[in-house]
Amino acid sequence: MPRELMKEKRERAIAIAQRMDEHFPAAECALHYWGDPFKLTIAVLLSAQTTDRGVNKVTPALWERYPTPQALANADVNEVEEIIRTIGFHHAKAANCVKCARMVISDFGGEIPQDMTLIQKLPGVGRKTANVVLNEAFGIVEGIAVDTHVFRIAHKLKLVGPSADTPQKTEDALLKLYPRQYWGPINHQWVLFGRQICIARRPKCAECFLSDLCPNSGK
DNA sequence: ATCCCGAGGG
DNA sequence: CCCTCTGGAT
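Residue numbers (full-length UniProt numbering): 1 to 219.
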């Protein structure tokens, strides 16, 4: 891409980030227990393709029954499944919770590792969850958590090209586009934007604060 | 019907 | 690259 075009694109990207900041000031993780890295990891793991509300509803009972990684490591999977039954994919997630706890105990000395590669060895923890936990629990901003919202919005705003057809390629493109200081806020603000305004199949373009910066406004 | 702060396996 | 896993809210 010619340098002038690249510069224009970056300026538009920065403008978008600033608007996001104005519209969603001090946005933070909608999941509870961000003060405890282990609990946050489990909460984010549980939240895959379910609502934050659903997760926040079941985690109090989960932590009451299993207050520590050690307690969860010793848990009966069926009992865990019973507690989280009301959220989606609960069968696999219950098994992953317990496996996570066991691995944290056996391999990581009882603590969530502060390392992008190691943390993804936990079952059910992929790159998106890893980014969220590193960012939220440890203040380590190593990448951008690309979920379905970030993916959709990046493409709709044409901040990434059509070849960025996977979450990883989209993340790489956004990392090149945005200076480091913008990475953290994207994780929280774009999700809110995606849920409230740029909704997947019926975006509210009429009331969107980015419509003048969006090549796809109205489509 | 559609969506929800995805990951793992074939 | 595709598929599957899941229940609740709107």
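Note that the Cβ used here is the ideal one computed from N, Cα and C, for glycine as well.
Worksheet entry | CB contact flag (Val191, His149, <8 Å) | By one-based count along the first sequence, residue 191 stands at place 191. By one-based count along the first sequence, residue 149 stands at place 149. Against a cut-off of 8 Å, the Cβ pair of His149 and Val191 comes out as a contact.
Worksheet item: Would you call Pro2 buried or exposed, if buried means 16 or more other Cβ atoms sit within 10 Å of its Cβ?
Response: Sequence index remark: in the first sequence, residue 2 carries index 2 (1-based). Flag for Pro2 reads exposed.
Worksheet item: Around the Cβ of His91, are there at least 16 other Cβ atoms within 10 angstroms (buried) or fewer (exposed)?
Response: Working through the first sequence from its first residue, we reach residue 91 at position 91. It is exposed - the Cβ of His91 has fewer than 16 other Cβ atoms within 10 Å.
Worksheet item: Alpha carbon to alpha carbon, what distance is there between Gly88 and Glu49?
Response: As a working note, residue 49 is residue 49 in the first sequence. As a working note, residue 88 is residue 88 in the first sequence. It is worth fixing the name first, because residue 49 is Gln in this sequence and not Glu. If I take the Cα positions, the gap works out to 7 Å.
Worksheet item: What three-state label does DSSP hand Arg10 in the structure shown?
Response: As a working mapping, residue 10 is identified with position 10 in the first sequence. Correct three-state label for Arg10: helix.
Worksheet item: For Asp107, does the count of other Cβ atoms within 10 angstroms reach 16, so buried, or fall short, so exposed?
Response: The count along the first sequence starts at 1 and reaches residue 107 at position 107. That one is exposed.
Discussion item. By the three-class DSSP mapping on this structure, what secondary structure does Tyr182 have?
Written reply: Residue mapping note: residue 182 aligns to position 182 of the first sequence, counting from 1. Here Tyr182 sits in helix by DSSP.
Worksheet item: Does DSSP put Leu72 in a helix, in a strand, or in coil?
Response: Within the first sequence, the letter at position 72 stands for residue 72. Leu72: helix per DSSP, three-state reduction.
Practice prompt. Assign Thr86 to one of three DSSP states: helix, strand, or coil.
Written response: Walking along the first sequence from the start, residue 86 turns up at place 86. Reduced to three states, the DSSP call for Thr86 is coil.
Discussion item. Contact between the segment 37-46 and the segment 125-143 is defined here as three or more beta-carbon pairs at a separation below 8 Å; is this criterion met?
Written reply: yes
Discussion item. In the DSSP assignment, the alpha helix (DSSP H) including Thr148 goes from what residue to what residue?
Written reply: Taking the first sequence and counting its residues from 1, the one referred to as residue 148 is at position 148. Residues Thr148 to Lys156.
Worksheet item: What are the boundary residues of the alpha helix (DSSP H) that includes Lys39?
Response: Here residue 39 is taken as the residue at index 39 of the first sequence, counted from 1. Per DSSP, Lys39 belongs to the alpha helix (DSSP H) from Pro37 to Leu46.
Discussion item. Between the alpha carbons of Gly35 and Gly194, how many angstroms are there, rounded?
Written reply: Taking the first sequence and counting its residues from 1, the one referred to as residue 35 is at position 35. Taking the first sequence and counting its residues from 1, the one referred to as residue 194 is at position 194. Each residue's Cα considered, the two are about 25 Å apart.
Worksheet item: Relative to the C-alpha of Glu81, which residue among Ala71, Pro69, Pro67 and Asn96 is closest?
Response: Position 81 of the first sequence, counted from the first residue, corresponds to residue 81. Closest by alpha carbon: Asn96.
Worksheet item: For Ser211, which of Met6, Lys7 and Arg12 has the nearest alpha-carbon?
Response: Position 211 of the first sequence holds residue 211. The shortest Cα separation from Ser211 among Met6, Lys7 and Arg12 belongs to Arg12.
Practice prompt. Output the distance between the C-alpha atoms of Val160 and Tyr66, rounded to the nearest integer angstrom.
Written response: Here the question's residue 160 lines up with position 160 in the first sequence. Here the question's residue 66 lines up with position 66 in the first sequence. In a straight line, the C-alpha of Val160 is about 43 Å away from that of Tyr66.
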